[in-house]
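Peer 1: Position in the sequence shown (from 1) plus 50 gives the number in this note's numbering.
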Amino acid sequence: RAPQIDDSVKETKENIKKVIKNGEIAVEVKDVEDAYQKIIEIVEDVGGEEFNKSFSVSGEYKRMELVLKIPPEQLDLFEQKLKECVGDGKIKRSNIRSQDITSEYYDYTARLESYQASRDQLRELLKKAETVEDTLRIHSELTRLQAEIDSMQGQIKMWDKLIGMATITLYIDEEANPIKKTTTVGWRFNSPSEIWMTMKNGFISVVNWIYSMLVWILIFIVSISPILLVVGIVLYIIYYKRRKNKERQIIGK
Numbered sequence: 051r052a053p054q055i056d057d058s059v060k061e062t063k064e065n066i067k068k069v070i071k072n073g074e075i076a077v078e079v080k081d082v083e084d085a086y087q088k089i090i091e092i093v094e095d096v097g098g099e100e101f102n103k104s105f106s107v108s109g110e111y112k113r114m115e116l117v118l119k120i121p122p123e124q125l126d127l128f129e130q131k132l133k134e135c136v137g138d139g140k141i142k143r144s145n146i147r148s149q150d151i152t153s154e155y156y157d158y159t160a161r162l163e164s165y166q167a168s169r170d171q172l173r174e175l176l177k178k179a180e181t182v183e184d185t186l187r188i189h190s191e192l193t194r195l196q197a198e199i200d201s202m203q204g205q206i207k208m209w210d211k212l213i214g215m216a217t218i219t220l221y222i223d224e225e226a227n228p229i230k231k232t233t234t235v236g237w238r239f240n241s242p243s244e245i246w247m248t249m250k251n252g253f254i255s256v257v258n259w260i261y262s263m264l265v266w267i268l269i270f271i272v273s274i275s276p277i278l279l280v281v282g283i284v285l286y287i288i289y290y291k292r293r294k295n296k297e298r299q300i301i302g303k
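(1) Looking at L162: is its Cβ nearer than 8 Å to the Cβ of I120?
(2) If we call anything under 8 Å between Cβ atoms a contact, is E134 one with L116?
(3) Quick check: is any heavy atom of the ligand HEM less than 7 Å from the C-beta of K88?
(4) Near Q171, what residues of its chain come up, given a Cβ to Cβ distance below 6 Å and the 5 sequence neighbours on each side ignored?
(5) Less than 8 Å between the CB atoms is what I'm expecting for L125 and K71, so what's the real figure, rounded?
(6) Could you check which residue in E129, I301 and D210 has the C-alpha nearest to that of Y156?
(7) What are the start and end residues of the alpha helix (DSSP H) that includes K211?
(8) Could you work out which residue in K142, E154 and L195 is closest to A167 when comparing CA atoms only?
(9) Have a look at the DSSP bridge pairing and note the partners of S108.
(10) Considering S144, what are the terminal residues of the beta strand (DSSP E) in which it resides?
(11) Go to I90, then tell me how far its alpha helix (DSSP H) extends in each direction, as first and last residue.
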């Protein structure tokens with residue numbers, strides 16, 4: 051049976067909120083690499099760190115995607131410094147979300163303390179067990195409780211990490227430049243050997259196409275030949291009967 055949870059313990063602790071913060075911010079800059087260096091300096095200034103980074107190019111424009119860990123209490127300062135770095139108008143999207151897990155967090159910690167207390171009691175009982183049956187029963191319950199405790203401790207540690215550092219995904223996009231360099235197209239003339247090779251390849255392609263068509267026509271004819279034979283026999287029989295009927299009519303006259 052699961053141990054009872056002391057609600058008074060939960061009530062006194064729940065004064066401290068447990069909130070997970072995460073979000074996305076998208077900015078546009080002229081120089082992605084330069085902006086990246088400045089942003090990392092800002093992250094370090096507010097006590098954060100770079101967790102992950104990826105770089106991609108779409109068409110002629112660069113994009114860098116950063117996963118940052120920022121202390122939640124420094125998020126406002128981080129956003130302020132980011133605006134100063136790239137310019138207020140260059141922040142295209144900012145979406146910071148908060149998930150309040152206070153109730154779940156303290157429910158878990160209260161249950162964990164109760165399970166740990168029950169485990170300690172069972173350990174004392176195990177020392178005093180006098181029969182093999184009692185020893186096995188207590189040991190089985192201890193194993194079950196320890197599995198519950200390990201699971202809860204793992205969940206609480208994960209929550210502590212998420213609560214302690216907000217996760218921000220930052221997209222740094224190169225802003226569109228209407229006067230971006232265009233590729234100069236120059237004149238190019240094919241040499242006689244290139245012209246001959248093109249003509250040769252074209253001729254071979256046409257011959258191969260004609261050959262393929264003839265092969266497919268032959269395959270088609272062979273495939274439907276049984277049907278053509280049956281149709282031919284039927285048509286011949288019809289023709290033969292009509293001819294005989296006409297001959298009889300002429301003889302009768």
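The C-beta atom is built at its ideal place from N, Cα and C for all residues, glycine as well.
Peer 2: Quick answer:
(1) no
(2) no
(3) As far as ligands go, the structure on display features none, and thus does not contain the ligand HEM.
(4) none
(5) 7 Å
(6) D210
(7) V182 to G214
(8) L195
(9) Y111
(10) I141 to D150
(11) V82 to D95
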